[in-house]
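Residue numbers 1 to 159, in the UniProt record's numbering, belong to the letters of the sequence shown in order. In this text, a Cβ means the ideal position worked out from N, Cα and C, and glycines have one as well. Following: one structure in structure tokens, then a few remarks.
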Amino acid sequence: MNALTTFVLRLAKWPVALAALVALPGAVLGFKDEIEATVDVFEAMRPFLYAAGGYAAIWMIVLRPRSMREGSFWSTLEHEATHILFALLTFSQVRELAASSGQGGYMKHRGGDNWLVTIAPYFFPTLSVPVILVTLLLEGSEVDVANAVLGVTVAYHIT
Numbered sequence: 001m002n003a004l005t006t007f008v009l010r011l012a013k014w015p016v017a018l019a020a021l022v023a024l025p026g027a028v029l030g031f032k033d034e035i036e037a038t039v040d041v042f043e044a045m046r047p048f049l050y051a052a053g054g055y056a057a058i059w060m061i062v063l064r065p066r067s068m069r070e071g072s073f074w075s076t077l078e079h080e081a082t083h084i085l086f087a088l089l090t091f092s093q094v095r096e097l098a099a100s101s102g103q104g105g106y107m108k109h110r111g112g113d114n115w116l117v118t119i120a121p122y123f124f125p126t127l128s129v130p131v132i133l134v135t136l137l138l139e140g141s142e143v144d145v146a147n148a149v150l151g152v153t154v155a156y157h158i159t
């Protein structure tokens, strides 16, 4: 199954990249529309935006300088876990995982070169997905709390 998945991903790589490039202008215009819609419903977006902004400020002032000096074990582990998740989703067998504070990390898998596994941490917000799924089950003021947590996880992914 892994060989078939790898073959299909190799075939799809450049058409997907080209389609993404063609879609870019529309995505930029769509993003502009989303920003305008957010302004219209700011009250509903407030927990998300404040939490994301708060995390970004804390990251810039406290976490980033520390991360530059010492590295970050947890963000390295989360990064490698995203590679592992996509390796498993593409039927690759994970062989090894290493993560450290100052030395970075890596994961090894069987099944050959897989571009989707390689780029996964750069587009897939691993910590945000469970928060989104839990948010679907919540009601009332619980949604505001979940949106604040989502704001933190999205800001974490971007930083």
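### Task
Have a look at Ile35 and Arg110 and give me their C-alpha separation to the nearest angstrom.
42 Å
Where does Val62 fall in DSSP's three states? helix
Q) Should Glu142 be labelled buried (16 or more other beta-carbon atoms within 10 Å of its own) or exposed? A) exposed
Next item on the list: Quick one: residues in its chain with C-beta nearer than 6 Å to the C-beta of Lys108, no 5 flanking neighbours on either side, listed in chain order?
Entry: Arg95, Glu96
(Q) For the segment 144-153 against the segment 51-60, do three or more pairs of beta-carbon atoms, one drawn from each stretch, fall closer than 8 Å, so that the two count as touching? (A) yes
inquiry  = Taking the straight line between their C-alpha atoms, what separation do you get for Trp48 and Asn147?
reply    = Reading the sequence as shown, one finds Phe at residue 48 and not Trp. Rounded to the nearest angstrom, the two C-alpha atoms are 5 Å apart.
According to DSSP, is Arg110 helix, strand or coil? coil
Mapping the DSSP letters down to three states, classify Gly139 as helix, strand or coil.
A small fix is needed here, since residue 139 is Glu in this sequence, not Gly. Looking at Glu139 - three-state DSSP - the assignment turns out to be coil, as it is neither helix nor strand.
Between Glu78 and the rest of its own chain, which residues show a CB-CB distance below 7 Å, the 5 nearest in sequence each way excluded?
Thr126, Leu127
| request: Figure out for me which residue from Gly112, Phe73, Thr159 has the closest Cα to the Cα of Gln93. | output: Gly112
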